[in-house]
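Only one structure is covered here, and it is reproduced in the block below.
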Amino acid sequence: MATAAAAQSARRRIIDIGANLTDPMFKGIYNGSQKHIHDLSDVIKRSVTYGIQRIIVTGGSLEDSRTALELAKTDAMLYSTVGCHPTRCLEFDAYGDADKYVDELIQLVNNNRDKVVAVGECGLDYDRLQFCPKEQQLKYFIKQLSVSEATGLPLFLHCRNAATDLATVLRNNRHKFNGGVVHSFDGTLEEAEEFIRMGLYIGINGCSLKTESNLEVAAQIPADRLMIETDSPWCEVKASHSGAKHIATQFPSRKKEKFETGLHVKGRNEPSNCVQILEILSAVKKKHTIDELADIFYENTIKLFFSARS
């Protein structure tokens, strides 16, 4: 039951390292159509009930980063990232001056040090080359590393079917960044170990726990290199996912067309679902209790993103 789980989770300290809270779904808008009222404030309040103490709102472009930052300023528990998602890297060309785009990102960080905690979401996505060709992705990912170099902030990394190139770029530019996390990780153990050797953490959400192979990888990654996230409103743990069988906390939900205040929207992920990620990892990582894992993941996140603030 969600009520009992809330009581247990409230005693834990959880940080959702990646949530797209600027997505229109949290305003009740789906594919341009208004389906229900704006309910982001309820989503945030609900997350607190389940032990969420901080949420990092991810930016996917210069303008989106500004929007994420403005949202982060509205609540003490919200923070943000600044960067350009690999599928949106053509924006560098559209901007007319890629160096100025980078300078704007740097300025946005430097003017808002109290709220911006990472550079990203940046990286490589070879599953969706229709949005941005590989050459531009590589070019502008490398360029964004200068934002981390200039600001000293860690990287919030995106990787889809591109682990080899991502690792190569990072290895060749190791002096430009101060740690980071490969979020929404769905790769192999060998890929995770390569990233860990470079001082990076691994972010786990529903997309990381789809298959038995995913679960085996998650089980073998050291707990002190893991963080948890939702990537809301995406990447929920679906009933068809292998990880679903380990979930103890089930949230009552309604379809968006039958929205009911206080309940989850069916098919829309949200930060309170971090408790489900924690439950799955606790089931596959038998060395630690769920409370021990929660503490480890929390301390990992504080160390990377909040050491100067905690």
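Under our numbering, the first residue of the sequence shown is numbered 1, with each subsequent residue one higher. Just so it is clear, CB atoms sit at the ideal spot from N, CA and C, and this is done for glycine as well.
Under the 8 Å Cβ criterion, the segment 211 to 220 does not count as touching the segment 46 to 55, having fewer than three qualifying pairs. For Glu212, the closest C-alpha among the options Glu135, Ile196, Thr188 is that of Thr188. For Cys159, the beta-bridge partners assigned by DSSP are Leu124.
Within the segment 31 to 70, the complete beta strand (DSSP E) runs of at least 3 residues fall at 52 to 57. Ser242 and Gln34 have their C-alpha atoms spaced approximately 33 Å apart. With fewer than 16 other Cβ atoms inside 10 Å of its own Cβ, Ala308 counts as exposed.
Rounded to whole angstroms, the separation of the alpha carbons of Leu293 and Leu40 is 28 Å. Here DSSP, grouped into helix, strand and coil, assigns Arg174 to helix. Per DSSP, reduced to three states, the secondary structure at Thr81 is strand. Here Arg12 is buried, its C-beta having at least 16 other C-beta atoms within 10 Å. For Leu226, the enclosing beta strand (DSSP E) has its first and last residue at 226 to 228.
Cβ neighbours of Lys27 within its own chain (closer than 6 Å, five residues either side excluded): His38. The secondary-structure analysis by DSSP pairs Asp114 with nothing; it has no beta-bridge partner. Beta-bridge partners of Tyr201 (DSSP): Val181. Taking one beta carbon from each stretch, the segment 91 to 100 and the segment 119 to 126 have fewer than 3 pairs nearer than 8 Å; the two do not touch. Scanning its chain for C-beta atoms nearer than 7 Å, with the 5 sequence neighbours on each side dropped, one finds around Cys235 the residues Ser184, Asn205, Gly206, Cys207, Asn269, in chain order.
For Ile14, the enclosing beta strand (DSSP E) stretches over residues 14 to 19.
Gly18 is a Cβ neighbour of Ile56, given a cutoff of 7 Å. With at least 16 other beta carbons inside 10 angstroms of its own, His85 counts as buried. Taking the Cα positions, Gly60 is about 18 Å away from Leu166.
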